[in-house]
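Reading through the structure tokens given below for one structure.
There are 2 protein chains.
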Amino acid sequence: MDIRDVAALARVSIATVSRTINHVPTVDPALAARVWKAVNELNYLPNTQARALVSGHSRLIGLIVSEITNPFFPELIQEFEQAAVSRGYEVLIGSTNYEPKIMEICARRMLERKVDGVAVMTFGVEEFFLDRFAAEGIPYVFIDPAPSRPMSSVLAVDYLAGISEGVQHLAVLGHRNIAFISGPLIRRSSLSRKEAFLRCLHSIGLKPNPDWLIEGDHTLDGGRDAMKKILALPHWPSAVMCSNDMTAIGVQHALFDANLRIPDDFSLIGYDDIHLAEYTIPPLTTIRMSCRDLAIQAMENLLYHGHPKARSAQTLNDAAHSAAAPSQPFAKPDEPFATISTRLIVRRTTGLPHNALQDLRQAGPTKKMPPPSRRPSRPRGSIKP
Amino acid sequence: MDIRDVAALARVSIATVSRTINHVPTVDPALAARVWKAVNELNYLPNTQARALVSGHSRLIGLIVSEITNPFFPELIQEFEQAAVSRGYEVLIGSTNYEPKIMEICARRMLERKVDGVAVMTFGVEEFFLDRFAAEGIPYVFIDPAPSRPMSSVLAVDYLAGISEGVQHLAVLGHRNIAFISGPLIRRSSLSRKEAFLRCLHSIGLKPNPDWLIEGDHTLDGGRDAMKKILALPHWPSAVMCSNDMTAIGVQHALFDANLRIPDDFSLIGYDDIHLAEYTIPPLTTIRMSCRDLAIQAMENLLYHGHPKARSAQTLNDAAHSAAAPSQPFAKPDEPFATISTRLIVRRTTGLPHNALQDLRQAGPTKKMPPPSRRPSRPRGSIKP
DNA sequence: CCGGCCGACGTAAACGTTTTCTTCCGTTCA
DNA sequence: TGAACGGAAGAAAACGTTTACGTCGGCCGG
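Taken in sequence, the protein lines are chains A and B. The number in this note's numbering is simply the position in the first sequence, starting from 1, with 52 added. The number in this note's numbering is simply the position in the second sequence, starting from 1, with 52 added.
Structure follows, in structure tokens:
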């Protein structure tokens, strides 16, 4: 069943059918009605391959992530899928698992399928595989601030805002000794987060202790190892900020293993606000980067870059069945590249610093607490200030 | 740059180029060499849309999952992606979020893109949207044992094996009172797991206590609520099996909230062995269903169903660059639909039952323990049998 | 009242492949 | 030696659209 059947049933030419389903405004309403009737009667769906072949646009968007099993990415993928589908696009997902060879295969897959754009959310460095996209005139966006290249653009994440909120939150609670576990510093986004942290520290008059600036690798194990390093130091910070949530969860494990409590012994802040952060024990205070903003910005960026007038294109679905109406506001054409906002989500891993708690305990009316020890036992049941 | 450029450079017809890159064996080796040389020189990639249009095969496989942010699915997606790419296919992912309306949109997307097959991994009931696939002659597979339909097949998961291992593991430890938190019983896979549990119980001479058979919903919150119900009962089981890992993690939270220890107070077994199970506190004993088996079986099933001879098709990539060679063994054509195996992964959430521990404590040489209470305090630091 | 113009619809070409059919050449057998 | 056959390469049709172009009709202005 193809466009010819529809044309025959509606007693028009195939050109008119094509124009109708593409919402060309010059079609006579009476004819259009006949066409739509035929379309619905036959349950006609246009052949996307043929469309793509002749129009030159596949309406396919590539999304390359570094590790789909890292909980941050599924949430991004979900938003991305919605952003794409609501605009009549389909998403091709590639997961590189940090391996350059797989990255190359991903790039090849995207090229073969003639994607209309690629979003590279890989926090990675293997960017040279992407030169081919520029050569083919395929736009692509980075989240990592990479050197500018033809056809590419970079999503502006406002790392500072959220981290600043976090540092100030800790400062208000009384923390002066704050550690930071970064991601791999070879990645620019990791570096950006670390620099934002240092700048915040400076801006409130605190000096960073180099011992408390650990380089992690954005994995749970990396976070655990980093925290173990900190615990091996003679002097401890009272709070730890992490470059992502998986690192923070690793820190939670390290503290659990060391029989230390959160937030009584250490305050902890993550980054990303992955779904899971809400469900750790205790729930993780963290900085949220809006996946939705990120996905929408990436999509708009790609579409705008490629075809300035193609935005808000309607699909057959939208018109015929009024399904999947874009629920998110579109960025204005004139200023399409807003920054992606971040903000602090306060949960249960931040509290008063240890020494403040000591004071409270000693001042407490009911009972005298044991002297603070490096390895306090776990008398659960609330010392609430 | 298209096939004509290659043909011109290699001084052959486009038909010969086509035959060469498709590995038609009748091509003269000398000509083939010229063609491959031209292909590499020009960095030629065939246009997938054109290929699909004329051949009728999009080399696109749909994968519909219920919730991409549920950690089980990214792991499945990863395996699926690999299984597909290594066979020269691309994956189109749709996440329904349990909403029938989105399921319908997913189905429509897949139909529009003319997928060669659909894997429905949604554990869901909205199957009637899929009739259209049968009507279009598109094969699809279920993981949920659904009533057989034309063009559809069902993946045979050996639920019994893993659950049996789990129950026996508990029995050997001395557990006689085992609860089971199921998934929504409207889903057949949930029902299968529950029935497998009951059968195992019966086979080792244990009787199920109806109070300890709770229906959950496969979410963390559902697991927490279910465990709270159990804790509200006058008599407690000594071990809990869960229908999936998220439920088990919810149970961990409930027990943490109730100040109870795992595995000292309760043993716990999950199901799925999601990535995260390894990193919960303590690491979760669980039953692994091989995502890889599942993905490979689904792919083979779809390809076999559609085109018995199409299996192990070679792609341009494979031949020209010898990339992405399938590392997994292919199922034999004669018996393509093996069952998907499950097995127990023992970690740290299973141990001797409470009363056995009591005995051990009382018999212990060093010190006398306080009498067992319903809400033991948390003296961390090792009562090791 | 007639000519030109504009707008709507249909015809046909184009998109880049695969695949069928045809052609041509070489080989083999009568 | 010639005819039939087989195999390999080229010519051309086909896939289902979009879109440039042509055509026809109607309307408006001269």
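Glycine included, each C-beta is placed from N, C-alpha and C at the ideal position.
Against chain A, the beta carbon of L97(B) has neighbours under 8 Å at R160, L163 and E164, listed in chain order.
The beta strand (DSSP E) runs lying completely inside the stretch 193–269 of chain B and spanning 3 residues or more are 204–206, 230–234 and 265–267, given in chain order. Residues of the stretch 97–111 of chain B whose Cβ lies closer than 8 Å to any Cβ of chain A, in chain order: L97, P98, N99, T100, Q101, A102, A104, L105 and S110.
If you draw a 10 Å sphere on the C-beta of H254(B), you find fewer than 16 other C-beta atoms in it, and that means exposed. Contacts between S147(B) and chain A, judged by CB atoms closer than 7 Å, involve Q130 and E133 in chain order.
DSSP assignment within the stretch 127–198 of chain A yields the following whole alpha helix (DSSP H) runs of 4 residues or more, N-terminal first: 152–164 and 183–188.
Restricted to the stretch 75–127 of chain B, the beta strand (DSSP E) segments that are unbroken, complete and at least 3 residues in length are 112–117, listed in chain order. Ranked by Cα distance from Y192(A), the first of V167(A), Y211(A) and L212(A) is V167(A). Against T394(B), chain A offers no close residue; the least beta-carbon distance is about 20 Å (beta-carbon pairs closer than 7 Å). Between S205(A) and N353(A), the CB-CB gap stays under 8 Å.
In this structure the stretch 86–95 of chain B does not lie against the stretch 141–154 of chain B, because fewer than three pairs of beta carbons, one per stretch, are closer than 8 Å. Here L265(B) has F232 as same chain residues with Cβ atoms under 6 Å from its own Cβ, once five neighbours each way along the sequence are excluded. As for any beta strand (DSSP E) of minimum length 3 sitting wholly inside the stretch 306–367 of chain A, the runs are 319–324 and 337–341, ordered along the chain. Setting aside the 5 residues that flank it on each side, S244(A) is surrounded in the same chain by Y211, each with a C-beta closer than 6 Å to its C-beta; the list follows chain order. Per DSSP, A67(B) lies in no beta strand (DSSP E); the unbroken alpha helix (DSSP H) holding it starts and ends at I66 to I73. DSSP links M293(A) through a beta bridge to F232(A) and I321(A).
For the C-beta of V137(A), the chain B residues within less than 8 Å are, from N- to C-terminus, I157 and R161. Proximity of the stretch 98–109 of chain B to the stretch 113–131 of chain A falls short of the contact definition, fewer than three beta-carbon pairs being nearer than 8 Å. With its beta carbon at least 8 Å from every one in chain B, T402(A) lies outside the interface. Judged by their CB atoms, S290(A) and N229(A) are nearer to each other than the 8 Å cut-off. For T401(A), the closest of V137(A), P334(A) and A82(A) by C-alpha to C-alpha distance is P334(A). Between the alpha carbons of H327(B) and E127(B) lies a gap of roughly 8 Å. Judged by DSSP secondary structure, L61(B) falls within the alpha helix (DSSP H) whose first and last residues are I55 to A62. Among the CB atoms of chain A, none fall inside 8 Å of the CB of L258(B). A straight line joining the alpha-carbon of D57(A) with that of L355(A) spans about 33 Å. With a threshold of 16 other beta carbon atoms within 10 Å, T394(A) meets it and is buried. Contacts between L144(B) and chain A, judged by CB atoms closer than 7 Å, involve E142 in chain order. Nearest Cα to L346(A) within the set N99(A), T391(A) and T332(A): T391(A).
Following the DSSP letters along the chain, one finds I282(B) inside the alpha helix (DSSP H) bounded by residues L272 to L283. Of all residues in the stretch 268–287 of chain B, only L272 come within less than 8 Å of chain A when Cβ atoms are compared, listed by chain position.
Secondary structure of T299(A) (DSSP, three-state): helix.
Within the same chain, and ignoring the five residues on either side of C158(A) in sequence, the residues whose Cβ sits closer than 7 Å to its Cβ are I116, G146 and T148. R399(A): not part of any beta strand (DSSP E); DSSP gives it neither H nor E. Counting only the Cα atoms, D277(B) lies some 23 Å from A248(B). Looking only at G275(B), C343(B) and I282(B), the smallest Cα-Cα distance to N261(B) is reached by I282(B).
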